[in-house]
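**Student:** First to last, the sequence lines map onto chains A and B.
Residue numbering for the first sequence follows this note's numbering, starting at 51 and increasing by one per position.
Residue numbering for the second sequence follows this note's numbering, starting at 2 and increasing by one per position.
Think of the CB as a built atom: it goes at the ideal place given N, C-alpha and C, for glycine as much as any other residue.
All values derive from a computational prediction rather than experimental measurement.
My questions all concern the structure below.
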Amino acid sequence: MFVILVYDVNVKRVVKVLKTSRKYLHWVQNSVLEGEISKANFHKLKAELRSIINDEEDSVIIYVFRSLQYSSREIMGIEKGGQDIFL
Amino acid sequence: MKKTIYIFNDGQLKRKGNTLYFESEEQKKYLPVEDVGELMVFGEVSLNKKFLEFASQKEIIIHYFSYYGYYMGSFYPREHLNSGHMILKQAEHYLDEEERIRIARQFVSGAARNIRQVLRYYNNRVGGISETLNRVDEVIMSLDDCHDISRLMAAEGNIRDRYYRVFDIITRNPDFPFEERSRRPPRNHLNTLISFGNSLMYTIVLSEIYRTHLDPRIGYLHATNFRRFSLNLDLAEIFKPIIVDRVIFSVLGKKMITVNDFEEEGEGIMMKDRARKTFVQELDAKLKTTIKHKGIGRPVSYRRIIRLELYKLEKHLIGEKFYEPFIAQW
């Protein structure tokens with residue numbers, strides 16, 4: 051499945067959330083990551099994030115898509131990050 | 002399915018923040034370690050032991066290619082699927098001449114029948130191949146009478162020879178004549194494409210073997226020797242016509258690669274980076290393409306079909322089900 055993860059957390063935990071998410075997803079722009087992920091890894095990612103964030107102050111939203119059919123991705127301005135199989 | 006990452010630029014690969022990190026002059030990029038299955042390295046990339054340890058732990062294979070685009074070797078991490086039983090069975094089937102031929106014959110027959118499918122398709126489209134098609138059919142019929150490996154290899158060589166000779170009719174591109182098969186180094190443009198595609202195919206199959214219990218060092222058609230992996234060469238025979246060759250026809254047909262994308266290098270012809278990228282992109286897209294699988298009844302990618310092929314071989318080795326190669330239906 052494909053997910054888009056956005057977060058808005060206290061600055062103390064920003065780096066931790068970013069680093070954790072980056073193990074599983076591609077960084078797109080500040081506080082946004084996306085990518086294909088397996089169910090098992092999705093659970094792992096959520097468990098790791100849950101142990102980092104503070105439920106009172108932070109917010110993480112994950113949009114889940116079964117597939118990318120019927121979707122398109124448009125970019126305005128510059129492309130900061132994203133997925134690329136070529137380096 | 003985990004991604005294959007192709008590195009063409011020069012730079013450094015690192016372990017950083019518990020994930021993969023690539024740094025070059027133009028870019029700094031994190032790669033999600035959980036989403037990477039293998040790395041194909043074409044550029045001058047430096048890395049350290051810490052990185053290899055991490056790759057090993059995450060079961061990521063690293064294949065590297067020389068400046069000329071030739072396969073140089075792989076970082077094959079510690080085996081993670083251990084099965085003494087499977088290795089014994091694999092060796093047993095290799096040592097028993099009768100059994101070895103039975104498996105090798107399936108590989109040759111798979112390769113030949115897939116070649117046949119490609120020829121049949123182009124015979125309907127451009128014509129003029131029916132004679133070759135008949136000859137290939139005859140050789141396929143005669144495979145059952147081959148009782149030693151060298152005869153089998155000869156039959157396979159015969160088919161491939163005839164097959165390559167109609168490449169000019171198929172590609173209809175006067176800039177890319179086949180002439181003759183030349184290797185190390187390839188002496189014309191088409192041969193360079195074929196060699197490049199085949200070596201990518203060998204590494205892809207090797208990566209898939211790593212995800213099964215099979216040992217890539219024991220092959221059946223290609224003799225097991227002291228040099229390198231051979232099981233991946235065997236399996237690749239089946240997929241070369243339907244994957245690599247079709248990609249070649251497609252990039253040439255759409256003029257995505259032209260003679261300007263090559264340069265002479267000593268005795269051989271070499272692809273420029275842009276052409277390599279284009280080819281790799283098309284091949285990667287091909288491997289991701291899904292087709293409806295007859296046995297499973299749902300769409301599977303070509304890459305998955307390669308893995309399924311290995312599972313079928315495993316079943317054969319443990320005596321569950323006789324191995325029959327995958328034949329494209331279109």
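(1) How far does the beta strand (DSSP E) with residue 58 of chain A in it extend, from its first residue to its last?
(2) Buried or exposed for residue 277 of chain B, going by 16 or more other Cβ atoms inside 10 Å?
(3) How is residue 72 of chain B classed by DSSP in three states: helix, strand or coil?
(4) Suppose only complete runs of 3+ residues qualify. What are the beta strand (DSSP E) ranges in the stretch 220-288 of chain B, listed by chain order?
(5) Please name the residues in the stretch 77-88 of chain A whose beta-carbon is closer than 9 Å to at least one beta-carbon of chain B, in chain order.
(6) Pick helix, strand or coil for residue 85 of chain A, following the three-state DSSP scheme.
(7) Using the rule of at least 16 other Cβ atoms within 10 Å of the residue's Cβ for burial, across every protein chain shown, is residue 96 of chain B buried or exposed?
(8) Listing by chain order, which chain E residues have their CB less than 7 Å from the CB of residue 34 of chain B?
(9) Which residues in chain A have a C-beta closer than 9 Å to the C-beta of residue 20 of chain B? List them in chain order.
(10) Going straight from the alpha carbon of residue 217 of chain B to that of residue 143 of chain B, what length do you get?
(11) Please report whether the beta-carbon of residue 13 of chain B lies at a distance below 9 Å from any beta-carbon of chain A.
(12) Can you have a look at residue 1 of chain B and say buried or exposed, based on whether 16 or more other CB atoms are within 10 angstroms of its CB?
(13) Answer with yes or no whether the minimum CB distance from residue 136 of chain A to chain B is below 9 Å.
(14) Which same chain residues, not among the five before or five after residue 194 of chain B, have their C-beta less than 6 Å away from its C-beta?
(15) Where do the N-terminal and C-terminal ends of the beta strand (DSSP E) with residue 215 of chain B fall, by residue?
(16) Mind pulling the chain A residues with CB within less than 7 Å of residue 10 of chain B?
(17) Flag this pair as yes or no: are the beta carbons of residue 236 of chain B and residue 310 of chain B separated by less than 9 Å?
(18) Does any C-beta atom of chain A lie closer than 9 Å to the C-beta of residue 44 of chain B?
(19) List, in chain order, every chain A residue whose beta-carbon is nearer than 9 Å to that of residue 345 of chain B.
(20) I need the DSSP call for residue 330 of chain B, collapsed to helix, strand or coil.
(21) Over what stretch of residues does the beta strand (DSSP E) that includes residue 79 of chain A continue unbroken?
(22) If you draw a straight line from the alpha carbon of residue 21 of chain B to that of residue 31 of chain B, how long is it in whole angstroms?
(23) Which residues in the same chain have their Cβ closer than 6 Å to the Cβ of residue 136 of chain B, if we skip the five residues on either side of it in sequence?
(24) Return the residue from the list B:264, B:221, B:141 that minimises the CA-CA distance to residue 232 of chain B.
(25) Can you name, in chain order, every residue of its own chain whose Cβ lies under 8 Å from the Cβ of residue 178 of chain B, other than the five neighbours on each side?
(26) May I ask whether a heavy atom of the ligand ADP can be found less than 8 Å away from the beta carbon of residue 115 of chain A?
(27) Have a look at residue 242 of chain B and residue 171 of chain B and give me their C-alpha separation to the nearest angstrom.
(28) Going by the beta-carbon positions, is the gap between residue 128 of chain A and residue 57 of chain A smaller than 9 Å?
(29) Please report the straight-line C-alpha distance between residue 7 of chain B and residue 81 of chain B, rounded to a whole angstrom.
**Tutor:** So, from the data block:
(1) Within the first sequence, numbered from 1, the residue matching residue 58 of chain A stands at position 8. First-last of the beta strand (DSSP E) with residue 58 of chain A: 52-58.
(2) In the second sequence, residue 277 of chain B corresponds to position 276, counting from 1. Per the 10 Å Cβ criterion, buried.
(3) As a working note, residue 72 of chain B is residue 71 in the second sequence. Strand, per DSSP.
(4) Here the runs fully enclosed are 263-266, 269-272.
(5) Residues 77, 83, 85, 86, 87, 88.
(6) One-based indexing of the first sequence puts residue 85 of chain A at position 35. Strand at residue 85 of chain A.
(7) In the second sequence, residue 96 of chain B corresponds to position 95, counting from 1. Exposed, by the Cβ-count rule.
(8) Absent from the structure is chain E; the protein chains it does hold are A and B.
(9) Translated into positions along the second sequence, residue 20 of chain B becomes position 19. Neighbours of residue 20 of chain B on chain A, chain order: 69, 72, 73, 74.
(10) Along the second sequence, read from residue 1 onward, the residue named residue 217 of chain B stands at position 216. Along the second sequence, read from residue 1 onward, the residue named residue 143 of chain B stands at position 142. Roughly 29 Å separates the two Cα atoms.
(11) Translated into the one-based positions of the second sequence, residue 13 of chain B becomes position 12. By this cut-off, residue 13 of chain B is not an interface position.
(12) In the structure displayed, chain B extends from 2 to 331; residue 1 of chain B sits before or after that span and is not available.
(13) Here residue 136 of chain A refers to the residue found at position 86 of the first sequence. So, interface residue.
(14) Here residue 194 of chain B is taken as the residue at index 193 of the second sequence, counted from 1. Within the same chain, residue 194 of chain B has close Cβ partners 249.
(15) Reading the second sequence from its first residue, position 214 is the one you call residue 215 of chain B. Unbroken run through residue 215 of chain B: none, as it is neither H nor E.
(16) Residue numbering aside, residue 10 of chain B sits at position 9 when the second sequence is read from its first letter. Simply 137.
(17) On the second sequence, residue 236 of chain B is found 235 positions in, with the first residue counted as 1. On the second sequence, residue 310 of chain B is found 309 positions in, with the first residue counted as 1. Yes.
(18) One-based indexing of the second sequence puts residue 44 of chain B at position 43. Judged by the 9 Å Cβ criterion, residue 44 of chain B is in contact with chain A.
(19) Any question about residue 345 of chain B goes unanswered here, given that chain B covers just 2 to 331.
(20) Reading the second sequence from its first residue, position 329 is the one you call residue 330 of chain B. In this structure, residue 330 of chain B counts as coil in the three-state DSSP scheme.
(21) In the first sequence, the residue the question calls residue 79 of chain A occupies position 29. Note, residue 79 of chain A: beta strand (DSSP E), 76-79.
(22) The residue labelled residue 21 of chain B in the question sits at position 20 within the second sequence. The residue labelled residue 31 of chain B in the question sits at position 30 within the second sequence. When rounded, the distance between both Cα atoms is 6 Å.
(23) Translated into the one-based positions of the second sequence, residue 136 of chain B becomes position 135. Cβ within range, chain order: 163.
(24) Residue numbering aside, residue 232 of chain B sits at position 231 when the second sequence is read from its first letter. Cα-wise, what sits closest to residue 232 of chain B is B:221.
(25) Locating residue 178 of chain B in the second sequence gives position 177, counting from the first residue. Within its own chain, the residues whose Cβ lies closer than 8 Å to the Cβ of residue 178 of chain B, once the five positions on either side in sequence are excluded, are 169, 189, 191, listed in chain order.
(26) Questions concerning the ligand ADP fall outside what the structure shown contains, since it holds no ligand whatsoever.
(27) For the purposes of this step, residue 242 of chain B is identified with residue 241 of the second sequence, where counting begins at 1. For the purposes of this step, residue 171 of chain B is identified with residue 170 of the second sequence, where counting begins at 1. If I take the Cα positions, the gap works out to 13 Å.
(28) Translated into the one-based positions of the first sequence, residue 128 of chain A becomes position 78. Translated into the one-based positions of the first sequence, residue 57 of chain A becomes position 7. Not a contact, by the Cβ cut-off of 9 Å.
(29) For this step, residue 7 of chain B is matched to residue 6 along the second sequence. For this step, residue 81 of chain B is matched to residue 80 along the second sequence. Distance between the alpha carbons of residue 7 of chain B and residue 81 of chain B is about 24 Å.
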